[in-house]
Amino acid sequence: MPEALPYKEYPILFVDDEEMALITFKNLFKKEFKIYTARNGEEALDLVDSHPDLAMIVSDQRMPRMSGVDLLHACSKKRPDLIRMLMTAYTEIDLVIEAINQGNIYRYITKPYHEEELKQTLKQGIERYFLGKERDRLHAEKIETLKRMAQANRLTAIGVLAAGMAHEINNPLVAINTFLQMIPRKFDEEVKDEEFWDKFYKVALDETHRIQMLVSDLLHYSKTPEDSQMKWTQVNINDLLHETMTFLENEARKKGLTIRNEFDHNLPPCLVDREKMRQVFLNLFLNAIQATSEGHILVKTSFDSESQHPFFHVVLQDTGIGIPEENLQRLFDPFFTTKKNEGTGLGLMMCNHIIDEHRGSIEVKSEVGKGTTMTLHLPVNPSHFNRRRSERRGSAPPSGAKPHASSGR
């Protein structure tokens, strides 16, 4: 915990039906804390809903319509992380003990209270809230680290599998494909059942093509950072997106789709591996085109300069079939695909891996029948962040790099 916790950044809600009590509480503690006040339980619950930054609620017990215990119980359902304190007289101590045992309140305050004692109690409550949030944050980071480790292990397993499959399958496939392509010419007159052979020929070619595609993807996606090191360069992200849109324009036109853009033309040059980022854009655009039968695809860029380390955002939105909720969690898993015989399930996994190498993230929102929105969040300069593979030679972006304009096309 920081030596000097900024208590004013963790607002307190004080609830009492007496106006003078509200005024007194606020005047006593407004220098140390940010105070909100409410005159009854209903008003307090509205404030809890509208102020997600609240850290603590202190409520008087005796109030009309809703008692303090009932209010704090309702708050525990809405915001379990909220520190809840009850202000009451000694005569209601049994009720307070029961509420504590049920887990509805953190501490009780007896009336009349002493200013300095209550100030310390409020500080302790905020410190408990801060520690709880830190615990949750560290837990989430640990889960994310474990997920990334599992993902890295899966990539390693794919690499081992690809090395064996490439030798055992790829060479025989060349002979099989050559043989199948000769069948229509060699047996045109001898084969009576032309419909059967035409169907068999097409199925065989499709299946061998699928195996070749799988082998090719495995070899391509299983490259480790030592095999395929990051080549950092300054890029205008709008130019790179425009280049990708132009490349896929015919694919979209075949399906009667239009690709529109809403670019922020004030984007600064960004530090990326140009070819890897182009691979991500190609994959995401192709997925959007394949999933959309009518309508359009919209790509937007924006820039967040408020933080110390600015981010840019790329949004790719389609009006396609959407993704069922049960599939969203598996979207970036190796070999998971909804394209049946058309995909290998490796493209999005690798996109996620590349974005992770850039110290960014991919956010997916989708609704069946309405479409999917993919949002990339990427730092302008990844060298400002600790990276999972930054210790490996050649994988880390150059530190202290200054953005400069790039031709982009």
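According to this note's numbering, the sequence shown is numbered sequentially starting from 195.
C-beta atoms are modelled at their ideal positions from N, C-alpha and C, and glycine is treated no differently.
No experiment lies behind these values; they were computed from the predicted model shown.
Assigned with DSSP and collapsed to three states, residue 486 falls in coil, not helix or strand. Residue 562 places its beta carbon 8 Å or farther from that of residue 525. Straight-line measurement puts the Cα of residue 506 at about 11 Å from the Cα of residue 500. According to the DSSP assignment, residue 431 belongs to the alpha helix (DSSP H) that extends over 431 to 441. The Cβ-Cβ distance between residue 574 and residue 465 falls below 8 Å. A Cβ-Cβ distance of about 14 Å is found for the pair residue 497 and residue 435, leaving them out of contact under the 8 Å criterion. For residue 231, the enclosing beta strand (DSSP E) starts and ends at 229 to 232.
Look at residue 562 here: in three-state DSSP terms it is coil, with no helix or strand label. Judged by DSSP in its simplified three-state form, residue 318 adopts helix. The three-state reading of DSSP puts residue 216 in helix, counting H, G and I together. Under DSSP, residue 492 takes part in a beta bridge, and its partners are 454, 511. If you compare the alpha carbons of 263, 441, 527, 463 with that of residue 300, the shortest gap goes to 263. At a Cβ-Cβ threshold of 8 Å, residue 514 and residue 566 count as neighbours.
Note on the stretch 226 to 314: whole alpha helix (DSSP H) runs with a minimum of 4 residues are 235 to 244, 262 to 272, 287 to 295, in chain order.
By DSSP's assignment, residue 557 forms a beta bridge with 569.
Judged by their CB atoms, residue 249 and residue 320 are nearer to each other than the 8 Å cut-off.
The three-state reading of DSSP puts residue 574 in coil, since its state is none of H, G, I, E or B. At a Cβ-Cβ threshold of 8 Å, residue 270 and residue 298 count as neighbours.
Boundaries of the alpha helix (DSSP H) around residue 549: 541 to 551. Where residue 207 is concerned, the enclosing beta strand (DSSP E) starts and stops at 206 to 209.
Comparing alpha carbon positions, the residue from 548, 338, 560 closest to residue 576 is 548. Nearest neighbour of residue 237 by Cα position, chosen from 229, 211, 246, 215, turns out to be 211.
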